[in-house]
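These protein sequences, in sequence, are chains A, B, C and D. Mapping the first sequence onto numbering that gives the first Met the number 0, position 57 (from 1) lands on 56, and the numbers just tick up by one. Mapping the second sequence onto numbering that gives the first Met the number 0, position 58 (from 1) lands on 57, and the numbers just tick up by one. Mapping the third sequence onto numbering that gives the first Met the number 0, position 224 (from 1) lands on 223, and the numbers just tick up by one. Mapping the fourth sequence onto numbering that gives the first Met the number 0, position 67 (from 1) lands on 66, and the numbers just tick up by one. Scroll down for the structure; my scribbles are underneath it.
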Amino acid sequence: MNEAGPKIERNACLEVRKRTKEMVEAGARMIAIVALEREDGSIELIYSFDRQPGIVDFRFQILPEWEVDSVADIFTGALTLEREVVDLFGLKYKGIPPGLFLEAGKSPVAPLRRRPAPAKGGDEDG
Amino acid sequence: MMTLESKMRIRSPWIMHFDTGSCNGCDMEVWALLTPRYDIERFGAMNRANPKQADILLITGPVTKRCEDRLRNLYEQTPEPKLVIACGDCASTGAPFHNCYNVNGGVDKVIPVDVYVPGCACRPEVLIDALVLGLSKWREKAAGADKEAEG
Amino acid sequence: MDLLAYALQVLTVIVAPLVVGLAMGMDRKITARMQNRRGPPVLQPFYDVGKLLSKRPMLLSELQATFAGAALLFHAAALALFVSGSDLLVTFFVSGTGSVCLVMGAFSARSPYSFIGGQRELLAILAYEPVLFLVVLSIGMRSSFLVGDIQGGLLHDLPLVLLALVPVLVVLLEKSPFDVPTAHQEIISGPYVEYSGPYLAILEVARWFQLAFVFGMVTLFFWSGDAVISIAGKLALAFAALFATIVIDNASARLTRENMVSFMLIAGIGLVAINLLVLFILKGSI
Amino acid sequence: MGRATTIPFGPQHAAFLEPLNVTLTLEEEKVVGAVLNQGYNHRGMEHALSLDYRKSQYISERVCGICSFHHSTAYCQGLESIYGIDVPERGRLIRTIMMECQRLTSHLLALGHIAESVGYENLFMQCFRERELVMTLVNRISGNRVHYSMNVAGGVKRDISPEGLKDIQATMSRLRPRLRELHRVFSRDRTLSKRTKGIGVLSNQAAREWGNVGPVSRASGIPRDIRQDGFAAYSMVKFSPIVREEGDCYARMMVRMDECLQSMDIIEQCLPLIKDGPVAIQMKGHPKGEAYSRVEAPRGELVYFIRANGKTALERIKLRTPALMNVASLLAMLPGCQLADVPTITVSVDPCICCTDR
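Structure (structure tokens):
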């Protein structure tokens, strides 16, 4: 396990489509999108694929307010997986609406985030 | 006073089952009640799956936030006299899920409950026992409601 | 008409639906036994109706209650006409009106499930009423349209017509494969879905009257000079028909609307036609 | 008519055991559009599981009551691979037996559910009658009907006595003729096949795109069964995945029926392999590291991703349940079917909503 994790890169949000495409074309089946919040408040995303005989994945690290490209048109089943991340981590996915699991107004927002997103000066909403 | 009416009432409890976020363990046991080994049709119970025609609501699960309104709605649609049975630990107190962020922690946080059934998952035998207990409570409740109507 | 016969008829109109209620209880018991269960007590349908009457009424619209009452009235009238020995055709049409009232009640509720249930019930009526009509017609042609005048010979001459009544009963008793209008797992209970409490009880009793009329038609097929044998035979025949539907129910899944309509029309009309044709060839007249 | 009506199917509905809402757009009775609304069962299990790794075995069973043992096995396997230890053979065999018992109960539930959804009451009752045999068997072995509580990281905490093994063998011998009879009914009954054959077809291509798993994917001709990877004791037994090509409700139903018979075979193969020995080994220290863990639950591939950082709280635990993928693919099957087929199609993917929503 890499302690430092991948570098926080803006490009990763766009590259995800290319890498998913490579995987799917190689005959892999997406099994999960794991999101987790790291100590520094950035989000690590792990896209796992079943490419026999084992699991392969690619991972990258982003800031929570960045918008990630959706891969639902490359692999249809990814839609639910992405909606799940949107709900549980409050991430933004291009064209993916929230509300798969959480009831607006009643459930906590982004419940799996350890702490509210660190204040980022004035560039965030409001 | 045991009127003919209340005699018939306790012989014909129609149930409606609603899962409000349980792990399915209790739900399976509720279904097992309908099947040959436990067969609650012996007591005249029928699964109507329709709140308007139900007498007894069997509620499983700790009531998730999204189910909350739906449960209240179902309860309101059920005509009086009615009975609510909270099946299993999580429906009674939310126990196994007490640390979860999206649950209300028990059916009684949302609607009044008449009978609590222990067990995780609750066994069918206990459910039958709860049903019978519920029917005797129902008799009292119905008698009370009748008195109210007269008074 | 002397008073005794009159009193007997009134008594029959009251007792017949109760017998049907008992038969429903037996039906549930036998079904349960076939499914390796113990089943409810035989008097269960009466407990259910009694309980429903004691529930607090809840209605979506006034019309619902009106149509429920109308259905009861028409079905009861049909049975009364039948028992008093009047024209079978008139009885048939009055009973049909009662069924249409149920559909209207379903439509008046303004709920999607009830609406679909009403549509399906209408389709079921279109499927079984022609068969029932042909049965009435062949009974009438063979013997008499006046119920009071029908005397024997029907079972012997029209066995396939009696057989054609079995699928009709399957629809009316809401049993698979043709319980399409009330499909529990699809539209919960179709036209009944928005009814509750006393109004559901009214509909249930209306159904008993309707079934009493249809079972009454089954009993017409048996007749004997001896009153005791006659009544015993009639009951046995009705019970055999009920048992047949129970067996069918327990050995089949629910079919679709299209299957129901095509089966009822082809099999029902076919059976009646074959019977009449054979009868015509053998006897030279219908 | 041509006028479209919208009807809500669920969350409380006669055909569904669990709260799933399918909003259907109907033209007459033809389904022209379907929207799935989930989340009625979302409790937040991933959060609860990550609080304390020592208690998570208990909670992992409560994710789903139908495949509870598979969940706890997946969780324990994950921890074991973080610790880097091998479970003793006896423990692995006991896990395999219990998992197959649970597969039997789950598949019989699913089959009964399908029969119920087409109004075949009698068959539903028969399925549940045979299911009770297995339920009482696991009750005798583990003391519980639903949550067996037999798993622990490192093995199992409850051994099966020699009498228990005999009991399993006896139950399997009793069950086999009954399941054969059920198999005969499910495969040959005419009204049932009329309602399931050619209904809700999921093509091989679509199954790959939606990432379907388990019996649903195998009914669409994808020969993938995680048990072949040989977790627990599956490397010690012989079996081959059951695959059908049609991809309709009938195929999904029959795959489950055949898998029931297969499960009994696997159990009977495991029984003579059990030798005396420890059932579990102790683990020391807090876990540190990350692992994927996969098991073949009754509904398909169940994935646990665990990352631990040497504290009692896990850094992240992620569940990808099989039903999540399968339920989503309903959107590919529902449009174009009749209203009457909606319950059958929905039930035929075995929608375990407590797994889907967690």
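Yeah, the Cβ is synthetic: ideal placement off N, Cα and C, and Gly gets one too.
Exposed unless 16 or more other CB atoms sit within 10 angstroms - verdict on residue i
i, result
"residue 104 of chain D", "buried"
"residue 298 of chain D", "buried"
"residue 310 of chain D", "exposed"
"residue 55 of chain A", "exposed"
"residue 13 of chain C", "exposed"
"residue 118 of chain A", "In this prediction, residue 118 of chain A scores a pLDDT of 41, lower than 50, which makes its location untrustworthy; the coordinate-derived value is nonetheless stated afterwards. So residue 118 of chain A ends up on the exposed side."
"residue 281 of chain D", "exposed"
"residue 129 of chain D", "buried"
"residue 96 of chain A", "exposed"
"residue 122 of chain A", "Residue placement at residue 122 of chain A cannot be trusted, given a pLDDT of 33 that sits under 50; what the coordinates show is reported in the next sentence. Classification for residue 122 of chain A: exposed."
"residue 142 of chain D", "exposed"
"residue 283 of chain D", "exposed"
"residue 72 of chain B", "exposed"
"residue 328 of chain D", "buried"
"residue 110 of chain A", "buried"
"residue 89 of chain D", "buried"
Contact belief for residue i with residue j at Cβ below 8 Å, rounded distance in angstroms
i, j, result
"residue 19 of chain C", "residue 200 of chain C", "Contact doesn't hold; Cβ gap of about 15 Å is too wide."
"residue 98 of chain D", "residue 72 of chain D", "6 Å"
"residue 205 of chain D", "residue 251 of chain D", "About 14 Å; that fails the 8 Å criterion."
is_contact[residue i, chain C] using C-beta, thresh 8 Å
i, result
"residue 29 of chain D", "no"
"residue 190 of chain D", "yes"
"residue 48 of chain B", "yes"
"residue 36 of chain D", "no"
"residue 4 of chain D", "yes"
Where the alpha helix (DSSP H) through residue i begins and ends
i, result
"residue 439 of chain D", "No answer is possible for residue 439 of chain D: the residues shown for chain D start at 0 and end at 357."
"residue 203 of chain D", "203-208"
"residue 72 of chain D", "67-82"
"residue 358 of chain D", "With chain D covering only 0 through 357, there is no way to say anything about residue 358 of chain D."
"residue 121 of chain D", "120-141"
"residue 16 of chain C", "2-33"
"residue 170 of chain D", "161-187"
"residue 19 of chain D", "Here residue 19 of chain D belongs to no alpha helix (DSSP H), and DSSP marks it neither H nor E."
"residue 264 of chain C", "That residue, residue 264 of chain C, is in no alpha helix (DSSP H); it is neither H nor E in DSSP."
"residue 124 of chain C", "111-141"
"residue 259 of chain D", "248-272"
C-beta neighbour in chain D for residue i, strict 8 Å
i, result
"residue 16 of chain A", "no"
"residue 17 of chain B", "yes"
"residue 175 of chain C", "yes"
"residue 29 of chain A", "yes"
"residue 76 of chain A", "yes"
"residue 20 of chain B", "yes"
"residue 23 of chain B", "yes"
Bounding residues of the beta strand (DSSP E) (the contiguous stretch that carries residue i)
i, result
"residue 110 of chain B", "Looking at the DSSP string, residue 110 of chain B is not in any beta strand (DSSP E), and its letter there is neither H nor E."
"residue 111 of chain D", "No beta strand (DSSP E) contains residue 111 of chain D, which is instead part of the alpha helix (DSSP H) from 88-116."
"residue 29 of chain A", "28-36"
"residue 33 of chain D", "29-36"
"residue 63 of chain C", "First-last for residue 63 of chain C: 61-82, but that is the alpha helix (DSSP H), not the beta strand (DSSP E)."
"residue 60 of chain A", "53-61"
"residue 50 of chain A", "42-50"
"residue 5 of chain D", "3-8"
"residue 86 of chain B", "82-86"
Beta carbon proximity, residue i to chain A, threshold 8 Å
i, result
"residue 134 of chain D", "no"
"residue 41 of chain D", "yes"
"residue 6 of chain B", "no"
"residue 0 of chain B", "Summary for residue 0 of chain B: the model assigns pLDDT 45, below 50, so the residue's position carries little reliability; its value from the coordinates is reported in the next sentence. Not closer than 8 Å to any Cβ of chain A, the Cβ of residue 0 of chain B fails to qualify, so no."
Within-8 Å CB hit, residue i to chain B
i, result
"residue 102 of chain A", "yes"
"residue 127 of chain C", "no"
"residue 101 of chain D", "no"
"residue 52 of chain A", "no"
"residue 50 of chain D", "yes"
Practice prompt. Would you list, in sequence order, the uninterrupted alpha helix (DSSP H) runs of no fewer than 4 residues that lie entirely inside the region 179-258 of chain C?
Written response: 183-186, 196-218 and 226-249
| What residue ranges within the region 11-44 of chain B form continuous beta strand (DSSP E) runs of no fewer than 3 residues, ordered along the chain? | 13-18
Contained beta strand (DSSP E) runs [length at least 3] in the region 296-325 of chain D, N- to C-terminal order:
299-308 and 315-319
Just to confirm the assignment: which complete alpha helix (DSSP H) runs, minimum length 4, are found wholly within the region 50-79 of chain B? 64-76
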